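Visitor: Start counting the sequence shown at 4; every next residue gets the next number (my numbering).
Input: one structure, supplied below.
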Amino acid sequence: MPHAVLKLLENMPMPWESAREVKVLYHVNGCLTLVNEIPRVIEPVFFAQWAMMWTFMRKEKADRRLFKRMRFPPFDDEEPPLSWSENLEDVEPAEPIQMELNEDEDAAVYEWFYDHRPLLDTPHVNGDSYKSWNLTLPQMATLFRLSRPLISDVVDKNYFYLFDRKSFLTGKALNVALPGGPRFEPLYKDIDPNDEDFGEFNAIDRIIFRNPS
């Protein structure tokens, strides 16, 4: 996939954003345009945002207001490229999917929860790189409550053995089957070449005629 397309997908607006402005780097000839940004987030904020989306998008999917079925392939091979000025420039972006927050219960995050870069000009983050962040206890408590739809109540790590990469590798190495898990070829096959059945290519009763050249 072209790098320009990857950067475009990487910086596409989230469901709670109707549009997003990004920095763009373009060649003087106009032959190449790249999105010149790396999206950075505060992890608990991003997790809470997607938890709210998960709850709200279930309702939206049932209502079919913002969800539409696509036909594939979306463009025919002989279809000309869309003109930006004719088809896209004057089109208003769709309204974002945002659950309304409670001004009292969610007061700690109410002002900035759906911002593209939350808490950017505050002491809570080191800057636009978001390498370090420091949230207050009310903010973390509110974000944790909003994240409940995606947070599991199970504390036992053994509960997740079917989704644990180490368990898969161990099971494959020991050639054991995980109950309810996937089937896979053993890591070390217990096959002795001397015990194999004779096949089409190694049968001892096969006579080969060779014509001298």
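Ideal placement from N, C-alpha and C gives every residue a C-beta, glycine not left out.
If you're wondering where the values come from, they're calculated on a predicted model, not measured in any experiment.
If the criterion is Cβ atoms closer than 9 angstroms, does the pair Ala54 and Pro126 meet it?
Guide: Within the sequence shown, residue 54 is the residue found at index 51, counting from 1. Within the sequence shown, residue 126 is the residue found at index 123, counting from 1. No, the pair does not count as a contact, with Cβ atoms beyond the cut-off.
Visitor: Which residue's Cα is closest to the Cα of Ser132: Pro42, Ser21, Val31, Glu20?
Guide: For this step, residue 132 is matched to residue 129 along the sequence shown. Of Pro42, Ser21, Val31, Glu20, the residue nearest in Cα terms is Pro42.
Visitor: Can you tell me whether DSSP reads Trp53 as helix, strand or coil?
Guide: Locating residue 53 in the sequence shown gives position 50, counting from the first residue. In this structure, Trp53 counts as helix in the three-state DSSP scheme.
Visitor: According to DSSP, is Thr139 part of a helix, a strand, or is it coil?
Guide: In the sequence shown, counting from the first residue as 1, residue 139 sits at position 136. Thr139 falls in the coil class under three-state DSSP.
Visitor: Can you look up Val31 in the DSSP assignment and give me helix, strand or coil?
Guide: Residue mapping note: residue 31 aligns to position 28 of the sequence shown, counting from 1. Correct three-state label for Val31: coil.
Visitor: If you drop the 5 nearest sequence neighbours on each side, which residues of the same chain put their C-beta closer than 8 angstroms to that of Asn1?
Guide: Examination of residue 1 is not possible in this model, given that the chain is present from 4 through 216 alone.
Visitor: If you count every other CB in all the chains shown that lies within 10 Å of the CB of Val128, and 16 or more means buried, which is it?
Guide: Stepping through the sequence shown from its first residue, residue 128 is reached at position 125. Val128 is buried by the Cβ-count criterion.
Visitor: Starting from the Cα of Leu149, find the closest Cα among Gly130, Thr36, Val48, Asp167 and give me that residue.
Guide: Locating residue 149 in the sequence shown gives position 146, where the first residue counts as 1. With distances taken between Cα atoms, Leu149 lies closest to Val48.
Visitor: Does the segment 70-80 come close enough to the segment 98-108 to have 3 or more Cβ pairs within less than 8 angstroms?
Guide: With a cut-off of 8 angstroms, the segment 98-108 and the segment 70-80 do not count as touching, because too few Cβ pairs lie within range.
Visitor: Looking at the structure shown, is Leu36 part of a helix, part of a strand, or coil, going by DSSP?
Guide: The residue labelled residue 36 in the question sits at position 33 within the sequence shown. Residue 36 is actually Thr in this sequence, not Leu. Looking at Thr36 - three-state DSSP - the assignment turns out to be strand.
Visitor: Do three or more CB pairs link the segment 116-126 to the segment 59-68 at distances below 8 angstroms?
Guide: The segment 116-126 vs the segment 59-68: no contact.
Visitor: Work out the CA separation of Gly184 and Asn214 for me, nearest whole Å.
Guide: Against the sequence shown, residue 214 aligns to sequence position 211. Against the sequence shown, residue 184 aligns to sequence position 181. Near 55 angstroms, if we compare the C-alpha coordinates of Gly184 and Asn214.
Visitor: Going by alpha carbons, who is nearest to Lys134 out of Phe171, Asp109, Ile45?
Guide: Counted from its first residue, the sequence shown places residue 134 at position 131. Cα-wise, what sits closest to Lys134 is Ile45.
Visitor: Do Tyr162 and Ser170 come within 9 angstroms of each other at the CB atom, strictly closer than that value?
Guide: Along the sequence shown, one-based indexing puts residue 170 at 167. Along the sequence shown, one-based indexing puts residue 162 at 159. No; because the gap between Cβ atoms is not below 9 angstroms, this pair is not in contact.
Visitor: Under a Cβ-count criterion, where at least 16 other Cβ atoms within 10 Å of its own Cβ denotes burial, should Gly174 be classed as buried or exposed?
Guide: For the purposes of this step, residue 174 is taken as residue 171 along the sequence shown, with counting starting at 1. When all chains shown are included, Gly174 counts as buried.
Visitor: With a CB to CB cut of under 6 angstroms and the five nearest residues on each side skipped, what residues in its chain are close to Asp118?
Guide: Indexing the sequence shown from 1 puts residue 118 at position 115. There are no such residues.
Visitor: Give the DSSP bridge partners of Val128, in chain order.
Guide: For the purposes of this step, residue 128 is identified with residue 125 of the sequence shown, where counting begins at 1. DSSP lists Trp136 as partners of Val128.
Visitor: Would you grab the beta carbon distance between Leu146 and Ala51 for me? Rounded to a whole angstrom, and I think it's under 8 angstroms.
Guide: Here residue 146 is taken as the residue at index 143 of the sequence shown, counted from 1. Here residue 51 is taken as the residue at index 48 of the sequence shown, counted from 1. Their Cβ separation, rounded to whole angstroms, is 4 angstroms, which keeps Leu146 and Ala51 in contact under 8 angstroms.
Visitor: Check this for me: beta carbons of Ala111 and Ala65, under 9 angstroms apart or not?
Guide: Locating residue 111 in the sequence shown gives position 108, counting from the first residue. Locating residue 65 in the sequence shown gives position 62, counting from the first residue. No, the Cβ-Cβ distance between Ala111 and Ala65 is not below 9 angstroms.
Visitor: What would DSSP say about Leu153, mapped onto helix, strand or coil?
Guide: Within the sequence shown, the letter at position 150 stands for residue 153. Here Leu153 sits in helix by DSSP.
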